[in-house]
Amino acid sequence: MVNWTEMDQRIKTWIMEAGSSIRESFKHSLSIHTKSNPNDLVTNIDKETERFFIANIRKVYPGHRILGEEGQGDDLASLKGIVWIIDPIDGTTNFIHQQRHFAISIGVYENGVGRLGYIYDVAHDELYYAERGKGAYMNGVRLPSLTEVSVEKALIALNATWLVKNRYFDERKLVNLAVQVRGTRSYGSAALELAYVAAGRLDGYLSMRLSPWDFAAGKLLVEEAGGCVTNLFGEDLNMIKINSVFAGAPILHGRILDEFLLKD
Ligand code: 2AM
Ligand code: CA
Ligand code: CA
Ligand code: CA
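Structure, rendered in structure tokens:
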């Protein structure tokens with residue numbers, strides 16, 4: 001049997017330690033490399049932070065498997081057993097350019113079901129977390145259930161690049177949505193944007209192409225705050241593949257799907 005409470009305490013301790021190291025790293029220069037394209041960046045701190053979590057997990061939970069963005073965990077073909085899904089720094093571009101608006105994101109899944117989720121806003125020292133069935137929290141305070149707003153009063157986050165012609169989704173549908181809502185935002189960290197939905201700071205969040213480590217923790221957080229998380233077609237997310245993502249309070253989520261995303 002897994003002692004989730006003990007695991008929760010350990011994870012919080014590790015996250016706080018990793019967070020202080022990252023803040024400490026601001027004093028030193030970064031080593032920056034590109035990945036799939038010139039704007040897809042990774043630093044020595046992304047890799048070191050991932051290694052820190054993996055070393056701790058391997059020591060205490062040798063039977064668990066790990067899926068990490070920087071590839072230092074396991075090669076997973078399924079989510080059988082207990083799987084840690086880790087993004088050591090979500091929002092690396094913000095980390096490099098702004099030293100804020102980035103987060104550590106950790107989701108713990110059991111046979112594909114989210115059990116624990118953590119999103120730590122390192123620069124603001126804000127820890128969002130959720131345990132399945134026990135609600136969502138920010139720095140120890142329970143987040144209230146999401147409130148519904150109309151499309152006209154909604155503040156939604158999406159990446160502006162999806163509003164121009166792209167190969168993933170009909171941009172006209174997104175432009176129609178963007179002009180109907182009260183406002184749009186783009187923070188550059190999927191994990192934080194999902195945490196903001198859970199905390200009621202955003203009413204919705206849409207993204208075209210995210211990996212499991214971008215949304216593993218955020219999905220559980222939003223759901224534990226009473227929200228819905230699907231892809232842009234209203235389907236369940238596949239936790240080991242790239243997905244589009246759409247999160248929001250249930251009624252607003254349904255309306256946006258019916259009136260904008262699914263409508264021809
Ligand atoms: P990352 O910083 O961990 O890479 C905004 O760019 C959001 O999209 C961030 O959460 C970022 O996560 C994620 N993202 C996913 N794939 C990306 C890519 N190929 N290039 C840049 N950001 C990516
Ligand atoms: Ca990345
Ligand atoms: Ca990420
Ligand atoms: Ca990352």
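Under UniProt numbering, the sequence shown has 71 at position 71, and the numbering climbs by one with no breaks.
C-beta: ideal position from N, C-alpha, C; glycine also.
As the structure is a prediction and not an experimental result, all values here were calculated from the model.
Point to revise | Spatial distance of His253 from Gly227 (CA atoms) | key: Here residue 253 refers to the residue found at position 253 when the sequence shown is read from its first residue. Here residue 227 refers to the residue found at position 227 when the sequence shown is read from its first residue. Linking His253 to Gly227 through their CA atoms gives a straight-line distance of about 8 Å.
Check your understanding: Going by C-alpha distance, which of His64, Glu6, His33 and Gln99 is nearest Glu24?
Key -> Here residue 24 refers to the residue found at position 24 when the sequence shown is read from its first residue. Considering only His64, Glu6, His33 and Gln99, the residue with the shortest C-alpha distance to Glu24 is Gln99.
Review point. Which whole-angstrom value describes the C-beta separation of Ile240 and Leu79, a residue pair presumed to lie in contact below a C-beta threshold of 8 Å?
Key: Here residue 240 is taken as the residue at index 240 of the sequence shown, counted from 1. Here residue 79 is taken as the residue at index 79 of the sequence shown, counted from 1. Correct: roughly 6 Å between the Cβ atoms.
Practice item. Could you say which of Trp14, Met16, Asn37 and Thr43 lies nearest to His28 if we only look at CA atoms? Key: Counting from 1 along the sequence shown, the entry for residue 28 is found at position 28. It is Thr43 whose Cα lies nearest to the Cα of His28.
Check your understanding: What do you reckon, is the C-beta of Glu70 under 7 Å from a heavy atom of ligand 3?
Key -> The residue labelled residue 70 in the question sits at position 70 within the sequence shown. Outside the cutoff, so no.
**Study point:** the stretch 181 to 195 in contact with the stretch 213 to 225 per 3-pair CB rule at 8 Å
**Key:** Cβ pair count under 8 Å is three or more, so yes.
Point to revise | Environment of Asn94 [buried if 16+ CB atoms lie within 10 Å] | key: The residue given as residue 94 occupies position 94 in the sequence shown. Sixteen is the threshold: when 16 or more other Cβ atoms of the shown chains lie within 10 Å of the Cβ of Asn94, as they do, the residue is buried.
Exercise for review: Express the C-alpha separation of Ile86 and Lys47 in angstroms, rounding to a whole number.
Suggested key: Your numbering for residue 47 matches position 47 in the sequence shown. Your numbering for residue 86 matches position 86 in the sequence shown. For Lys47 and Ile86, the distance between alpha carbons rounds to 11 Å.
**Study point:** Alpha-carbon to alpha-carbon, His101 and residue 265
**Key:** Because the chain here runs from 1 to 264, residue 265 falls outside it and cannot be looked at.
**Study point:** Neighbour-count burial assignment, Val197, 16 or more Cβ in a 10 Å radius
**Key:** As a position in the sequence shown, residue 197 is number 197, starting the count at 1. Burial call: buried.
Practice item. Determine the direct distance from the alpha carbon of Ala199 to that of Gly112, and round the result to whole angstroms. Key: For the purposes of this step, residue 112 is identified with residue 112 of the sequence shown, where counting begins at 1. For the purposes of this step, residue 199 is identified with residue 199 of the sequence shown, where counting begins at 1. Looking at the backbone, the Cα of Gly112 and that of Ala199 are separated by about 24 Å.
Review point. Quick check: the stretch 199 to 209 against the stretch 166 to 178, are there 3 or more CB pairs under 8 Å?
Key: In this structure the stretch 199 to 209 touches the stretch 166 to 178; the number of beta carbon pairs closer than 8 Å is three or more.
Practice item. Any chance you could list the alpha helix (DSSP H) runs of at least 4 consecutive residues sitting entirely within the stretch 148 to 201, in chain order? Key: Runs of the alpha helix (DSSP H) inside the stretch 148 to 201: 171 to 180 and 190 to 198.
Review point. How many Å lie between Tyr128 and Asn159 at the Cα?
Key: In the sequence shown, counting from the first residue as 1, residue 128 sits at position 128. In the sequence shown, counting from the first residue as 1, residue 159 sits at position 159. Our two residues, Tyr128 and Asn159, have alpha carbons roughly 22 Å apart in a direct line.
Check your understanding: Measuring CB to CB, does Ile119 end up less than 8 Å from Ala103?
Key -> The residue you call residue 119 lines up with position 119 of the sequence shown. The residue you call residue 103 lines up with position 103 of the sequence shown. The Cβ atoms of Ile119 and Ala103 sit closer than 8 Å to each other.
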